[in-house]
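Protein chains in written order, with this note's numbering: chain A, 1 to 256; chain B, 257 to 525; chain C, 526 to 872.
Glycine is no exception: its CB is placed at the ideal position from the N, C-alpha and C atoms.
No experiment lies behind these values; they were computed from the predicted model shown.
Read through the structure below, which is laid out as structure tokens, and then see the notes.
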């Protein structure tokens with residue numbers, strides 16, 4: 001029984017990782033047509049280094065992810081604090097409002113943003129992408145920080161005030177240190193959401209300038225080269241290491 | 257604390273985030289709804305009048321309603337496959353593996369879920385092209401989507417399984433239930449809310465998918481998602497695209513409304 | 526040191542009246558127990574004194590100085606929370622230092638006081654530990670030391686021993702009482718455990734449905750309950766109801782029950798005041814009944830006796846096992862007790 005179970009688990013893991021592994025392997029294969037035998041070569045990485053378009057897109061992706069996660073984390077943390085420590089009418093409504101941005105397919109949200117930004121004159125481009133990415137990350141930040149806030153009740157802040165701490169002292173000496181892992185995790189989540197986001201960026205990108213996923217999509221549809229494998233491998237490795245770091249701060253529903 | 261002061265503080269805390277969401281998500285959705293009733297995009301001197309024609313087209317032209325059904329069909333297959341494949345994974349994780357190994361494997365399963373969906377879909381083009389050669393077919397789309405959404409199923413089912421008190425299973429066994437009976441009568445019913453949450457989390461985005469069909473599906477990619485996309489990127493019939501988007505949203509809301517009572521029970525627990 | 530007076534305080538949450546015109550005075554240096562069932566308002570009262578709850582009406586004063594507009598952090602209180610609320614990110618010593626640091630005490634002084642208070646709660650040498658590395662009893666003592674170290678005017682304890690097991694609880698009761706005596710601080714503690722309230726308190730207030738039912742020393746409250754609720758919440762009580770006459774009441778079958786004090790038709794007697802025998806002696810109140818059940822616990826026996834005139838509820842008799850003989854279920858017995866132990870109560 002146990003053997004059967006572990007075999008099944010192994011098969012599922014293989015299913016999840018096999019294509020990624022093959023893609024990475026092919027990034028190091030000399031043949032542009034994925035032909036075997038495998039010959040190790042860095043030719044595609046070298047080609048990538050000279051591909052101005054992909055590099056620019058990569059840089060755009062990184063800075064948009066950095067800026068949007070910084071914005072989303074700060075205003076999302078404020079919102080989480082407002083929601084967690086106060087009872088007020090409309091609170092339930094505000095909490096429910098976090099679900100549509102997460103659950104409505106990105107195709108619909110993306111096209112709605114395209115129409116709205118076009119109609120209001122905001123237009124397309126990296127600034128529009130940035131606006132959109134913050135919106136997508138916000139619900140995640142509020143939920144992640146809110147979950148962290150929920151792990152301790154208000155009594156720790158109450159204990160602090162009972163000991164003579166002013167509200168600001170209670171906040172900076174108790175709330176913030178306890179919240180820090182949640183904020184860090186939320187920030188990295190937000191980064192990942194933005195860095196991996198394709199659909200919204202696809203609709204909001206102006207011709208010529210875009211983020212890496214959009215550029216990769218365009219390349220795939222044009223008939224791709226193994227340079228795409230190389231850049232994709234890099235993207236996957238960045239994302240995975242990011243999640244591994246996050247998991248040190250934040251347990252994904254897993255328990256000891 | 258006096259009510260007014262508290263009110264002001266709460267407003268100050270939540271306003272930036274919600275204002276942002278309102279201006280970039282909710283308001284655009286409202287504007288898109290408005291656009292879906294227009295004959296044309298109102299730009300420059302172009303005349304635009306109100307019309308229901310796009311919604312009428314959805315029901316009268318086969319290309320739209322038929323491909324909406326195809327999207328739902330695809331979502332059904334993918335969701336079913338994810339639950340069937342994912343449930344045993346969650347059971348094995350909670351029942352057979354403990355401690356750090358469980359944590360590590362759990363992380364490995366949800367790791368791809370946080371990596372670039374586009375890149376993962378792209379990686380299948382190499383595998384499906386090679387030994388199997390089913391690239392640009394319907395099964396290729398299903399495989400790519402199952403790969404993308406399987407972690408959702410494992411995650412939600414795992415969380416609900418983990419919440420089940422081990423002693424309930426023991427109690428069932430002590431009352432004379434076989435392992436199979438204990439599973440069927442205790443564990444499965446208690447994990448259903450998790451399964452349902454997974455179903456929603458998979459069914460909705462798959463219904464709206466267009467990138468996976470475009471990359472993996474070839475000529476089999478014609479479904480509602482790709483059709484909407486092309487209204488915005490190829491044919492530039494935005495009002496029609498908006499109407500189709502709202503039809504998709506309506507279908508999704510209908511699905512949610514049907515399942516909401518069950519999901520609500522799960523949330524309250 | 527500090528006297529705390531609560532005058533006509535009310536607090537409602539929607540339609541729920543948590544505190545209903547409560548007036549009470551806590552004397553300087555006394556150990557005061559607030560006792561009541563859950564939802565009775567006892568915690569709300571404690572939190573109003575701390576300043577976490579703002580009363581809708583009424584005043585609270587520390588040594589005559591009104592604190593209604595004083596925020597929590599300026600009231601100079603010490604509070605031990607039910608869950609202890611130790612800061613998980615700080616060591617034991619830093620938890621103790623917290624109150625001193627936020628008011629800006631000099632470092633040297635702080636270090637000395639931490640040592641002193643760790644010694645007070647017998648945790649010397651554990652200052653470097655994190656709260657989660659301590660046992661429940663140790664965490665409780667850290668919480669106590671942290672509340673006391675700032676030299677508060679009043680110590681507020683919210684179910685302080687609720688999370689401990691029975692044996693540890695009893696040890697901590699002794700220790701808590703001892704530390705309170707040594708520091709001499711006015712202490713108010715909330716509990717739903719009647720035995721704990723009786724053991725620890727100088728005075729007790731019984732609270733029910735947002736109102737103070739009775740205030741007094743443990744002995745007064747136990748021996749002279751003023752109402753049916755007070756009698757039945759604090760220990761067991763046999764209840765008699767009938768027509769009031771001079772010197773007592775008359776049950777439905779004409780039996781007279783002599784009562785101490787002015788009786789309006791309701792009276793109670795504690796089970797341990799009731800003697801049991803086959804025949805009546807010279808006692809003043811007697812009732813005949815049939816033993817339904819006897820619960821034997823070695824040194825004592827509790828009898829449940831069916832007395833027809835009292836209806837469904839059996840009467841209880843708690844007797845010392847001096848003879849070694851039991852009255853078997855079904856045997857007819859006579860319950861007897863002094864009129865002086867029969868207390869008139871309000872409904």
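Continuous alpha helix (DSSP H) assignments of at least 4 residues falling wholly in the segment 649 to 731 of chain C: Complete alpha helix (DSSP H) runs here, min 4: 661 to 673, 691 to 708, 719 to 725.
The segment 391 to 400 of chain B touching the segment 447 to 458 of chain B, judged by at least three CB pairs closer than 8 Å: No, they do not touch.
Contact set between residue 135 of chain A and chain B, taken where Cβ atoms lie within less than 7 Å: The contacting residues are 276, 277, 280, 281.
is_contact[residue 168 of chain A, chain B] using C-beta, thresh 8 Å: By this cut-off, residue 168 of chain A is not an interface position.
Proximal residues, the segment 355 to 383 of chain B versus chain A, C-beta separation under 8 Å: Hits within the stretch, in order: 355, 358, 359, 361, 362, 363, 364, 365, 366, 367, 368, 370, 371, 372, 373, 374, 375, 376, 378, 379, 380, 381, 382, 383.
Contact under 8 Å by Cβ, residue 334 of chain B with residue 405 of chain B: Cβ atoms of residue 334 of chain B and residue 405 of chain B: closer than 8 Å.
Beta-carbon spacing of residue 830 of chain C, residue 839 of chain C below 8 Å: Yes, the Cβ-Cβ distance between residue 830 of chain C and residue 839 of chain C is below 8 Å.
Contact list for residue 269 of chain B against chain A, beta-carbon separation under 7 Å: 78, 79, 81, 82, listed in chain order.
8 Å Cβ shell around residue 262 of chain B - same chain, five flanking residues per side excluded: Shown here for residue 262 of chain B: not one same chain residue has a beta carbon closer than 8 Å to its own, the five before and five after excluded.
Interface flag, residue 285 of chain B vs chain A, CB-CB below 8 Å: Cβ-Cβ to chain A under 8 Å: yes for residue 285 of chain B.
Bridge partner(s) assigned by DSSP for residue 765 of chain C: DSSP lists C/792 as partners of residue 765 of chain C.
Residue 853 of chain C versus C/860, C/872, C/820, residue with shortest Cα-Cα distance: Looking at the Cα atoms, C/820 is the closest of the given residues.
Cβ of residue 193 of chain A within 8 Å of any chain C Cβ: For residue 193 of chain A, the answer is no, since every Cβ of chain C falls outside 8 Å of its Cβ.
Distance, residue 102 of chain A Cα to residue 186 of chain A Cα: Taking the straight line from one Cα to the other gives about 15 Å.
Cutoff 8 Å; reference residue 308 of chain B; Cβ partners in own chain excluding five residues on either side: If we look at residue 308 of chain B and ignore the five residues flanking it on each side, its Cβ neighbours are 293.
Inside the segment 97 to 144 of chain A only - beta strand (DSSP E) runs reaching at least 3 residues: The segment 97 to 144 of chain A is shown to contain no whole beta strand (DSSP E) run of 3 or more residues.
Among C/764, C/858, C/818, the one whose alpha carbon lies nearest that of residue 870 of chain C: With distances taken between Cα atoms, residue 870 of chain C lies closest to C/764.
Stretch pair the segment 634 to 648 of chain C + the segment 660 to 667 of chain C: three plus CB contacts closer than 8 Å: Yes, the segment 634 to 648 of chain C touches the segment 660 to 667 of chain C.
Closest residue to residue 95 of chain A among A/146, A/68, A/122, A/137 (Cα-Cα distance): Ranking the options by Cα distance to residue 95 of chain A, first place goes to A/146.
CB contact check: residue 164 of chain A to chain C, cutoff 8 Å: Yes, residue 164 of chain A lies at the interface with chain C (some Cβ there is under 8 Å from its Cβ).
Selection from C/705, C/591, C/686, C/583 that minimises the alpha carbon distance to residue 697 of chain C: The candidate whose alpha carbon is nearest that of residue 697 of chain C is C/686.
Beta-bridge partners of residue 532 of chain C, as assigned by DSSP: Answer is C/584, bridged to residue 532 of chain C.
Cutoff 8 Å; reference residue 288 of chain B; Cβ partners in own chain excluding five residues on either side: Excluding residues within five positions, the ones whose Cβ falls inside 8 Å are 498, 501, 502.
Contacts of residue 602 of chain C in chain A (Cβ-Cβ under 7 Å): Contact note: residue 602 of chain C reaches chain A through 162, using a C-beta cutoff of 7 Å and chain order.
Cα-Cα separation between residue 583 of chain C and residue 528 of chain C, rounded to whole angstroms: If I take the Cα positions, the gap works out to 17 Å.
Cβ-Cβ separation, residue 774 of chain C to residue 760 of chain C (assumed contact under 8 Å), whole Å: Not confirmed; about 21 Å, so no contact.
Beta-carbon gap between residue 798 of chain C and residue 866 of chain C smaller than 8 Å: Yes, these two residues count as a Cβ contact at 8 Å.
Cα-Cα separation between residue 6 of chain A and residue 430 of chain B, rounded to whole angstroms: Distance between residue 6 of chain A and residue 430 of chain B, taken at the CA atoms: about 27 Å.
Members of the segment 606 to 617 of chain C that neighbour chain A once the beta carbon cut-off is set at 9 Å: Here the close residues are 606, 607, 608, 609, 610, 611, 612, 613, 614, 615.
Any chain C beta carbon closer than 8 Å to residue 159 of chain A: At least one beta carbon of chain C lies nearer than 8 Å to the beta carbon of residue 159 of chain A.
Any chain C beta carbon closer than 8 Å to residue 87 of chain A: Taking Cβ atoms only, chain C never reaches closer than 8 Å to residue 87 of chain A, which makes this a no.
Three-state secondary structure assigned by DSSP to residue 855 of chain C: Residue state for residue 855 of chain C is assigned as coil, using DSSP reduced to three classes.
In chain order, each alpha helix (DSSP H) run of at least 4 residues that lies wholly inside the segment 300 to 365 of chain B: Here the runs fully enclosed are 309 to 316, 318 to 351.
Expected contact under 8 Å - CB spacing of residue 410 of chain B and residue 19 of chain A to nearest Å: Contact flag wrong, Cβ pair sits at about 18 Å.
Contact set between the segment 662 to 675 of chain C and chain A, restricted to residues whose Cβ is under 8 Å from the partner: For the segment 662 to 675 of chain C, the set of residues with a beta-carbon nearer than 8 Å to any beta-carbon of chain A comprises 671, 672, 675, in chain order.
Below-8 Å beta-carbon distance, residue 628 of chain C vs any chain A residue: Any Cβ of chain A closer than 8 Å to the Cβ of residue 628 of chain C would place that residue at the interface, and such an atom is present.
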